[in-house]
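Just so we're aligned, residue 807 is where the sequence shown starts under our numbering, counting upward by one. Don't be surprised by glycine CBs; every beta carbon is placed ideally from N, CA and C. In this text, all values refer to a predicted model and were calculated from it rather than measured experimentally. First up is the structure itself, then whatever we jot down about it.
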Amino acid sequence: EGNVAVGFNGIRNYSGPVFESGFSFNVPVQEVYDAFEDGDERRDVAILDIEAWAAANPEVSYVEGFEHTGYYNRKYIARQGDLNTGDANLTNPNNYRAIRFADVLLMAAEANNRGGINEARAQQYLNRVRNRAGLPSITPSGSDLTTAIYNERRLELVGEGHRFFDLVRTDRAAQAIDGFTTGKHEIFPIPSIEIELAGNRWEQNPGY
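So, in structure tokens, the structure goes:
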């Protein structure tokens, strides 16, 4: 079995070049698409604007999925020819990106900045990621540098599953996620059946 998430991210009932069909879940929203700076080469690599794609390829057809935004996570859409046999939605070879060098650079930038270790080095690491994306270097300092690093992580790692955990560990989740309650939604509830099977000796997680 391969990466089943690829099937969830695909374009529903898609017919056309390059991509395979999928279920149209986990779609990017307009706000994150607009967050990319002009000239940022990562935007169109990471996010597929399906309406622009269909306009450029008249043979394309698709069905709008649930909570359609017009955008798809291009990093995890199945490509034609990914597999010779089997169900492309269940056995896709496009693996999760558990960690990438850009992630390491941004972790180092954050550590140097927030730890008060070396602000110039934090800027250097941040700009290595920006420059690779076709963007100019910037030199923010203090809390502005922290904000710039957070923003760069959001854009560089968009669609790769880091955003929620970044928001939680930096205490920004309640401001960014509708309905999020600090001290509760960092973790899931323990299923009631599991508590019962344990003889009701387990204490439910806080807030549930």
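Here the alpha carbons of A980 and Y882 stand approximately 27 angstroms from one another. Apart from sequence neighbours up to five positions away, the residues of its chain that approach N863 with a beta-carbon distance below 8 angstroms are G822 and P823, ordered along the chain. Remark: three or more beta-carbon pairs, one from each stretch, lie closer than 8 angstroms, so the stretch 818 to 837 and the stretch 865 to 882 are flagged as touching. I853: not part of any alpha helix (DSSP H); member of the beta strand (DSSP E) spanning I853 to D855, first to last residue.
Around the beta-carbon of I944, fewer than 16 other beta-carbon atoms lie within 10 Å, marking it exposed.
Per DSSP, the continuous alpha helix (DSSP H) segment holding N815 begins and ends at A811 to N815. N879 and A908 have their alpha carbons spaced roughly 19 angstroms apart.
Sequence-distant Cβ neighbours of P995 in its own chain, meaning closer than 6 angstroms and more than five residues away, are N1011 and Y1014. In this structure, DSSP gives Y820 a state outside helix and strand, which the three-state scheme calls coil.
Residue environment: E958 is assigned as buried (16 or more neighbouring CB atoms within 10 Å of its CB, all protein chains considered). In the structure shown, R969 adopts helical secondary structure according to DSSP, grouped into three states. Inter-residue distance for A860 and V866 is about 5 angstroms (C-alpha atoms, whole angstroms).
Judged by DSSP secondary structure, Y878 falls within the beta strand (DSSP E) whose first and last residues are Y877 to N879. Taking C-alpha positions only, Y868 is separated from R927 by approximately 47 angstroms. Each of G922, N924, A811 and D846 was checked against the Cα of V935, and the nearest Cα belongs to D846. Here DSSP, grouped into helix, strand and coil, assigns F872 to coil.
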